[in-house]
Amino acid sequence: MEFVGDVVNWFLSAENWSGPAGIPNRVWEHVQISVIATGLAAVIALPPALWLGHFRRGGFLAVAVVNIGRAVPSFAIMALFLPISIRLGLGLGFWPTLLALFALALPPIFTNTYTAVRDVDPALVEAGRGMGMRERQLLWTIEAPMASPVIVAALRVSAVQVVATAPLAALVAWGGLGRYIIDGFAVRDNVRVLAGGILVAVLSVGTELLLGALERRIVPRGLSRATEQVVPPAHG
Amino acid sequence: MRKNRNGFLGAILVVVLALLLTACGSGEETGDNGTETTSGEGVTETTSGTETTAGEEMVDGPTITIGSANFSENALVAEIYAQVLETAGYPVERNLNVGNREIYAAALEDGGLDLVPEYVGSALSYLGGTPTADSAATAQALADAWADAGIAVLDPAPAQDKNGIVVREDTAGELGLTTVSDLAGHNDLIFGGPPECPEREFCMIGLQDVYGLDFAEFKPLDAGGALTVAALEGDEIQVALLFTSDGVIAAKGFVLLEDDQGLQPAENLTPVIRQEIVDAYGDDLVAALNGVSAELTTEELSEMNRRIGIDGEDPEQVAADWIADNL
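From first to last, the protein sequence lines are chains E and W.
Plus 601 on top of the position in the first sequence (first one is 1) and you've got the working numbering.
Plus 1 on top of the position in the second sequence (first one is 1) and you've got the working numbering.
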């Protein structure tokens, strides 16, 4: 019980809320890398996934390639890229972690988008063709909206996974909420470790809720959530 | 409903399998006569590297769990202790690379570990004492400090490994650095070291208080390991904390700045062991470990570090070679 009291006190003490090592700054760093990683993954994954899904070809190969990001653990990607990053003058913490998180975020977004677009009811696509729609119109007015529940859900799942994995950045001298966990562990300050863990969990849940709300705005009201078949990312 | 039940049963099966697999993976086997050992990752392996003296009686008694800190030099010395004791017939279990001092010292005090190689100065400081550059006095003070917790401190070796403040050759040339004091006034340098450095008296705290240094930034990396070396080489940091017996300093052409204000205390390597193990086995065990300490010099330690860190040789082999040459 005393330990719980210590953790509560840690959150209540003013010094943990100010300065570069304070909670607001660490949360900001954490959000920064998570948003960039997920955003980058979305920007790079969505166009090819939508396109290949529409033409219903090349998927198997593309998914296999993209799944490398799932097969290689995030930590290994970071470690492998680190010497390259240093040699390229890109520094220690940010870029290796970004690459690892990007590789983690990519597979769910790509795979689910491709699958969802490909699996849109062919009758609808036929009807569109019959009405004289061009390929791009079919994609934007029929397939993408129909697939949007799954696509947005995949983005949500990906973002939450990235937020939960971003503490890895602290292992390579970067910031974020992982700093509390790694530094606390180094000096055996279990209060700090747990506080860091709680913050990561809260941020992950917060991301889930925020993007869930966004999902409700974007997805057309007529489509039900029952069409959701999101393939979750593997744990790095 | 049948679909739900299958899913539910499937989930239970997965959970049970996962539990079984983790139990298998972490299981440590302690053979009765100590020929089975486990490495830090929990993989069981027979000790093929040591010589078994034919006809030697296996010594009966509690298993000696040998641990080490999470850097290669400490794991190497622990490996030397392990091989020496195994050859002498003691039941030994390895649990190397446990973590930093907070973790392994706590394990030592509560019985999770029985024997670790320690550095007299840093250990004494950790316990709240004041170490000096006098090896014998510091070792004695450490023994006194740990006696109440039931930990015995054996004879210190001549070999020392201190915290070393290191810069690249070009930095030293540019700023004219030969001693740590020369760093004063250069406030735009980035310092890299282990994450616990800001809270350590012989690291950041000492550098600030004794030398008056003020770095632009501190980057938490690892304990004098590959990450710190890579960061220094790649100019991500300009000043690094490495260990004085690390062969990489010479190999990479780094400059070890002289500790002119004597911040770093005596850091002789010494076996630190639970009193109950000493009581169980008596003088022979103590003599075996003191025999190792008597022969271990800083030059030999540096050479072994170089073989492991630079040449990439196997620590078990390097340890066995040293034992064959010196004992």
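Virtual Cβ for every residue (Gly too), placed ideally from N, Cα, C.
Asked                                                                                                                             : Found
Nearest-angstrom beta carbon gap, L184/W and V240/W [assumed within contact, 8 Å]                                                 : 7 Å
Per-residue DSSP class, three states only, for N269/W                                                                             : strand
N7/W versus Q276/W - alpha carbon distance                                                                                        : 56 Å
Residue from A158/W, V85/W and V249/W whose Cα sits closest to the Cα of G165/W                                                   : V249/W
In DSSP terms, what R95/W is bridged to                                                                                           : I67/W
Contacts around I309/W, its chain only, beta-carbon distance under 6 Å, and the 5 residues preceding and following it disregarded : S73, P316 and V319
CB contact below 8 Å: A12/W versus chain E                                                                                        : no
Chain A residues whose Cβ lies nearer than 7 Å to that of A767/E                                                                  : The chain inventory of the structure shown lacks chain A, comprising the protein chains E and W.
CA nearest to the CA of P221/W, picked from C204/W, P196/W, E237/W and D210/W                                                     : P196/W
L801/E at chain W interface by Cβ criterion, 8 Å                                                                                  : According to the sequence provided, residue 801/E is Val. The question's Leu does not apply to it. Output row for V801/E: interface = no.
Where P195/W sits in the DSSP three-state scheme                                                                                  : coil
Proximity to A137/W [Cα-Cα], best of L176/W, A150/W and A160/W                                                                    : A160/W
Close-in-space but distant-in-sequence residues of the same chain around T828/E (CB under 6 Å, 5 per side omitted)                : Because T828/E carries a pLDDT of 48, less than 50, the predicted location of this residue cannot be relied on, and the following value inherits that uncertainty. So the qualifying residues of the chain are P750.
Option in G174/W, E202/W, G292/W and S303/W with minimal Cα separation from L258/W                                                : G174/W
Any C-beta of chain E under 8 Å from that of E42/W                                                                                : With a pLDDT of only 39 at E42/W, under 50, the local geometry of the prediction cannot be trusted, and the value read off the model is given with reservation. Closer than 8 Å: no.
Under the three-state DSSP convention, the category Q262/W falls into                                                             : coil
L772/E, enclosing beta strand (DSSP E) - first and last residue                                                                   : Note, L772/E: premise wrong, no beta strand (DSSP E); not H, not E.
P648/E classed as buried or exposed, judged by whether at least 16 other C-beta atoms fall within 10 angstroms                    : exposed
Contact with chain W by L683/E, beta-carbon distance below 8 Å                                                                    : yes
Reference V714/E, options A663/E, A701/E, F695/E and M732/E, closest by Cα                                                        : Residue 714/E is actually Thr in this sequence, not Val. Closest by alpha carbon: A663/E.
Under 8 Å by beta carbon: chain E residues contacting I104/W                                                                      : R789
Cβ of L693/E within 8 Å of any chain W Cβ                                                                                         : yes
Runs of alpha helix (DSSP H) wholly within the stretch 200 to 238 of chain W (minimum 4 residues, chain order)                    : 207 to 210 and 227 to 234
Interface residues of chain W facing R688/E [CB-CB closer than 7 Å]                                                               : G235
Nearest-angstrom Cα separation, counted from A321/W out to I81/W                                                                  : 7 Å
Span separating the alpha-carbon of G213/W from that of T639/E                                                                    : 43 Å
Assumed close pair V553/E, A745/E - CB separation to whole angstroms, cut-off 8 Å                                                 : Beyond the ends of chain E as shown, which are 602 and 837, falls residue 553/E; an answer cannot be given.
Environment of I819/E [buried if 16+ CB atoms lie within 10 Å]                                                                    : exposed
Buried/exposed call for F656/E, threshold 16 Cβ in 10 Å                                                                           : exposed
Spatially closest choice to I799/E from E603/E, M602/E and V609/E, by CA coordinates                                              : V609/E
Short CB-CB distance (under 8 Å) between N164/W and chain E                                                                       : no
Cutoff 8 Å: P607/E Cβ touching any chain W Cβ                                                                                     : Reading off the sequence, residue 607/E comes out as Asp, not Pro. Chain W, which has no Cβ nearer than 8 Å to the Cβ of D607/E, makes this no.
Short CB-CB distance (under 8 Å) between N7/W and chain E                                                                         : no
is_contact[P195/W, chain E] using C-beta, thresh 8 Å                                                                              : yes
Range covered by the alpha helix (DSSP H) that runs through F255/W                                                                : It is not in any alpha helix (DSSP H) - F255/W carries neither H nor E in the DSSP assignment.
Cβ-Cβ distance between A760/E and T698/E below 8 Å                                                                                : no
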